[in-house]
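Q:
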Amino acid sequence: MSFDILKGMATTLKNMGRKPTTVSYPEEERELPPRFRGRHVLHRYDNGLERCVGCYLCAGACPADAIYIEAEENSEDSPTSPGERYAKIFDVNMLRCIFCGYCQAACPTGAITLEKEYKLAAYYPEDFIYHKEQLLEPEGQSTVGSNEVWAEPAPQDAAQPVPQERKVFDGSQASAAAVGLGNVHTERPVFLVDEEQDADRRTSSRSETEK
Ligand code: SF4
Ligand code: SF4
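Mapping the sequence shown onto the working numbering, position 102 (from 1) lands on 193, and the numbers just tick up by one.
1) Within 10 angstroms of its Cβ, does L133 collect 16 or more other Cβ (buried), or is it exposed?
2) To the nearest angstrom, how far is the alpha carbon of T204 from that of K210?
3) Give the list of continuous alpha helix (DSSP H) stretches no shorter than 4 residues that lie fully inside the stretch 180-217.
4) Got a sec, what are the start and stop residues for the beta strand (DSSP E) V132 sits in?
5) Any heavy atom of ligand 1 closer than 7 Å to the CB of C146?
6) Would the C-beta of A202 count as close to ligand 1, meaning under 7 Å from any of its heavy atoms?
7) Taking only three categories from DSSP, how would you classify A152?
8) How should V114 be labelled, buried or exposed, when 16 other C-beta atoms within 10 angstroms of its C-beta is the threshold for buried?
9) Between the C-alpha atoms of M107 and Y116, what's the straight-line distance to the nearest angstrom?
10) Based on Cα-Cα distance, which residue from E287, C143, F190, Y214 lies nearest to S233?
11) Does the distance from the C-beta atom of E217 to that of G129 stay below 8 Å?
12) Kindly indicate which three-state DSSP category A101 falls into: helix, strand or coil?
13) Would P170 and L148 qualify as a contact pair, given that the criterion is a beta-carbon distance under 8 Å?
14) List the endpoints of the continuous beta strand (DSSP E) containing P242.
15) Going by the CB atoms, is the gap between Y177 and G145 shorter than 8 Å?
16) Helix, strand or coil for E163 per DSSP?
17) Quick one, which of E163, A155, N184, T102 has its alpha-carbon nearest A213's?
18) Hey, out of R121, K98, D137, whose CA is closest to E230's CA?
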């Protein structure tokens, strides 16, 4: 018997008594961490008004350009949100979304959160554009969603997925490690310098107009 077969059998025997790490999905589901980032939810206040004030900050923060908003002025008699405006249209393109949570972090009113729903399937690509009607909490429901768990600072002993120097995501070498580049320094030298092209031409064009 070759050494490789013995080695393989030893590995099998070693793992025979261990609990499996797999689960029988969909009958059984894995418990997700509290800060899991899945499908978005738009929240309401207790009085039923929508938290979203149509400020576009989430769309601006989204690195995947996945959020499309059209804001409209609230009517004085029956406002939709407590702000001047509300989101008349609020779409999230789930095919573009990378579930980074920047939209949630950017929102000043806690209107948008990423929740634990991850079973997102559809037959047609257009069905992955989730509209406001699908995202907004139903009337009579008002929750803060995962904002509750994100409000607390991370526990000191929380396991870090990659070695980090400062225990916060700060774009240091940890980000390179996360994508498999080890400790390659993220600062890269500028290889091409074209001083003429890089010059701020606005000044010269301004002074030419003034002439
Ligand atoms: S989770 Fe990230 S990628 Fe997805 S919509 Fe929000 S900001 Fe955009
Ligand atoms: S979800 Fe939040 S950040 Fe986005 S438009 Fe509404 S209020 Fe602004």
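We put the CB at the ideal spot given by N, CA and C, even for glycine.
A: Let me lay it out:
1) Numbered from its first residue, the sequence shown carries residue 133 at position 42. So L133 ends up on the buried side.
2) The residue given as residue 204 occupies position 113 in the sequence shown. The residue given as residue 210 occupies position 119 in the sequence shown. When rounded, the distance between both Cα atoms is 16 Å.
3) 193-197
4) By 1-based counting over the sequence shown, the position of residue 132 is 41. Looking at the DSSP string, the run of the beta strand (DSSP E) that includes V132 is 131-133.
5) What you label residue 146 is simply residue 55 of the sequence shown in a count that begins at 1. Checking every heavy atom of ligand 1 against the Cβ of C146, none is found closer than 7 Å.
6) As a working note, residue 202 is residue 111 in the sequence shown. False, no ligand heavy atom lies under 7 Å from that Cβ.
7) Indexing the sequence shown from 1 puts residue 152 at position 61. Helix at A152.
8) Along the sequence shown, one-based indexing puts residue 114 at 23. Only exposed fits V114, as fewer than 16 other CB atoms lie within 10 angstroms of its CB.
9) As a first step, residue 107 must be located in the sequence shown, where it is residue number 16. As a first step, residue 116 must be located in the sequence shown, where it is residue number 25. Each residue's alpha carbon lies about 22 Å from the other.
10) As a first step, residue 233 is located in the sequence shown; it is residue number 142 there, counting from the start. It is C143.
11) Within the sequence shown, residue 217 is the residue found at index 126, counting from 1. Within the sequence shown, residue 129 is the residue found at index 38, counting from 1. No, the Cβ-Cβ distance between E217 and G129 is not below 8 Å.
12) In the sequence shown, residue 101 corresponds to position 10, counting from 1. Under the three-state reduction of DSSP output, A101 falls in the helix class.
13) To locate residue 170, count along the sequence shown from 1; it is residue 79. To locate residue 148, count along the sequence shown from 1; it is residue 57. No. Outside cutoff.
14) Along the sequence shown, one-based indexing puts residue 242 at 151. Before going on, a small fix: residue 242 reads as Ala here, not Pro. Segment 238-242 is the alpha helix (DSSP H) holding A242; no beta strand (DSSP E) there.
15) Here the question's residue 145 lines up with position 54 in the sequence shown. Here the question's residue 177 lines up with position 86 in the sequence shown. It is a contact, given that the beta carbons lie within the stated cut-off.
16) As a working mapping, residue 163 is identified with position 72 in the sequence shown. DSSP places E163 in strand when its eight states are reduced to three.
17) Indexing the sequence shown from 1 puts residue 213 at position 122. Looking at the Cα atoms, N184 is the closest of the given residues.
18) Within the sequence shown, numbered from 1, the residue matching residue 230 stands at position 139. It is D137 whose Cα lies nearest to the Cα of E230.
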